[in-house]
Amino acid sequence: MNLEPERRTRSSARTTRRPAPLVALIVIAASAVASSATGVQAAAAHEPSPLVGCPSPGRVKPTVVLVHGAWADASSWNGEVRFLQRAGYPVRAVANPLRDLTTDSASVADFLKTVSGPIVLVGHSYGGSVITNAAADVPNVKALVYVDAAAPDVGETTGGLSGSDSALNADPATLYDKVPYSGAPAGAADLYLKKDVFVRSFASDLPRHVAVRLWATQRAASTSAFMTPSKAAAWKTIPSWFFISTGDRIITPSSERAMAHRANSKITEFRGGSHLTLISHPDAVASVIGSAVCSVR
Numbered sequence: 009m010n011l012e013p014e015r016r017t018r019s020s021a022r023t024t025r026r027p028a029p030l031v032a033l034i035v036i037a038a039s040a041v042a043s044s045a046t047g048v049q050a051a052a053a054h055e056p057s058p059l060v061g062c063p064s065p066g067r068v069k070p071t072v073v074l075v076h077g078a079w080a081d082a083s084s085w086n087g088e089v090r091f092l093q094r095a096g097y098p099v100r101a102v103a104n105p106l107r108d109l110t111t112d113s114a115s116v117a118d119f120l121k122t123v124s125g126p127i128v129l130v131g132h133s134y135g136g137s138v139i140t141n142a143a144a145d146v147p148n149v150k151a152l153v154y155v156d157a158a159a160p161d162v163g164e165t166t167g168g169l170s171g172s173d174s175a176l177n178a179d180p181a182t183l184y185d186k187v188p189y190s191g192a193p194a195g196a197a198d199l200y201l202k203k204d205v206f207v208r209s210f211a212s213d214l215p216r217h218v219a220v221r222l223w224a225t226q227r228a229a230s231t232s233a234f235m236t237p238s239k240a241a242a243w244k245t246i247p248s249w250f251f252i253s254t255g256d257r258i259i260t261p262s263s264e265r266a267m268a269h270r271a272n273s274k275i276t277e278f279r280g281g282s283h284l285t286l287i288s289h290p291d292a293v294a295s296v297i298g299s300a301v302c303s304v305r
C-alpha cells in the first residue's frame, strides 16, 4: 500500500543536514515560517530539517504535552514523541480517561499544573475538546495544536462537530459495539468502533494489518465524552495551530476548517492521510507542533 499520498505545496526547500538534536527541533516542514492566521500552509515531503526561530540555547524550552483522542491511547503519539525527544524537547503523552469532557479535562489540567515552565498543548480528535477546556485555567499553556481534532466553543459538544459528511453520521448500530460499564451515568455506555468502520474510515491510510491491530487494542470511549457540552474555549485567548488531513472521514476537513478559521488558527492542510495521520505521518504532524514550539518566547 502506498503510504505517501499527494501533498499540495506552495514552495520547496533544500534538503539540509540534520543538526545536533539540542540545537533545533527536527521537523519535516519545507518552510520554517508559519502560515498566516487565515492562510493555509501545505505539508511537504522533505528530509528532516531544522525549524528556525526556536528558543536559543539556555532559554527554558516549552514542554510539549500530547493528549490522545477516542479509540486510541497515548502510544498513538509515539512518532511525534520520537521527533521531539531527538530535538531535545521535554514531551509527555498523557492518558485521557475518555469518560466525560468535564472530568477528562480536569484530569489533564491537573497534570498540566505539575509542569513548570511554558507548555505547548496538543490534542488529537476528541483530545482537541479536552485541551480546549483543560488549558482554560492553566496560564503557562502558551500554544494549542489541534491535530484532526475538535475545537468546540462553549456549549458545543464533540459529537456535534464531526461534520455533515462524517462516517460517524451513520446508524449507530452499524458503527459501534456498545458495552455497559460500572458507575456509568444514566443512559451512558462505552463505545468500541466496529472493525470495518475502524479499518475503512478511522485508519484508512494505514496498511490493513496495522489498522486491524489498532482496532483490536482500541480504548473504549463513553457516550458521555461526546455528549458533554464544552465549558470553555481556550482558543479564544491562546494562539493555536490546526493540522487538517484532507482524507479524514471522522472529523471532516470542512468541519475542521470552520473551527480553525473561527479560532484564527494557523492552518496546515495535509493532502490525503486519515483520522490517524498522526500515526501514518508523524513527521508532518511534528512539523506543525514544531511551529507552535518555536512561537514560544
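In our numbering, each number is its position in the sequence shown, counted from 1, plus 8. Using N, Cα and C, we set each Cβ at its ideal position, and we do this for glycine too.
Where W223 is concerned, the enclosing alpha helix (DSSP H) starts and stops at 216-224. Shortest Cα-Cα distance from V162 to any of P147, N141, L176, A178 involves N141. Under the rule that a run must span 3 or more residues, the beta strand (DSSP E) segments found entirely inside the stretch 253-286 read 274-278. The shortest C-alpha to C-alpha distance from S238 to any of P160, V130, S115 is the one to P160. The Cβ atoms of L183 and A175 sit closer than 9 Å to each other. Of the other Cβ atoms in all chains shown, fewer than 16 fall within 10 Å of the Cβ of A224; this residue is therefore exposed. G163: not part of any alpha helix (DSSP H); DSSP gives it neither H nor E.
When C-beta atoms of the stretch 194-204 are compared with those of the stretch 266-275, fewer than three pairs fall below 8 Å, so the two segments do not count as touching. Across the structure, A241 and G280 are spaced so that their CA atoms are roughly 28 Å apart. When DSSP states are grouped into helix, strand and coil, W243 belongs to the helix group.
In the three-state scheme derived from DSSP, where H, G and I count as helix and E and B as strand, S174 is classed as coil. For V116, the secondary structure class from DSSP, reduced to helix, strand or coil, is helix. Here N177 is exposed: its Cβ has fewer than 16 other Cβ atoms, across all protein chains shown, within 10 Å. Taking a cut-off of 8 Å on C-beta distances, the stretch 128-145 touches the stretch 74-87, as three or more cross pairs fall below it. Nearest to D185 by alpha-carbon distance, out of S253, D204, A292, V149, is D204.
A80 is the residue among A95, L92, C302, A80 whose C-alpha sits nearest the C-alpha of P105.
For V304, the CB contacts under 8 Å within the same chain, skipping 5 residues up- and downstream, are P63, P70, P126, V128, K150, A151 in chain order. Assigned with DSSP and collapsed to three states, R100 falls in strand.
By the C-beta criterion, the stretch 206-224 is judged to be in contact with the stretch 242-262, since at least 3 inter-stretch pairs fall below 8 Å. Taking a C-beta distance under 9 Å as the contact criterion, Y189 and A233 do not qualify as a contact pair.
Beta-bridge annotation (DSSP): A229 is paired with L199.
Beta-bridge partners of G131 (DSSP): V75, Y154.
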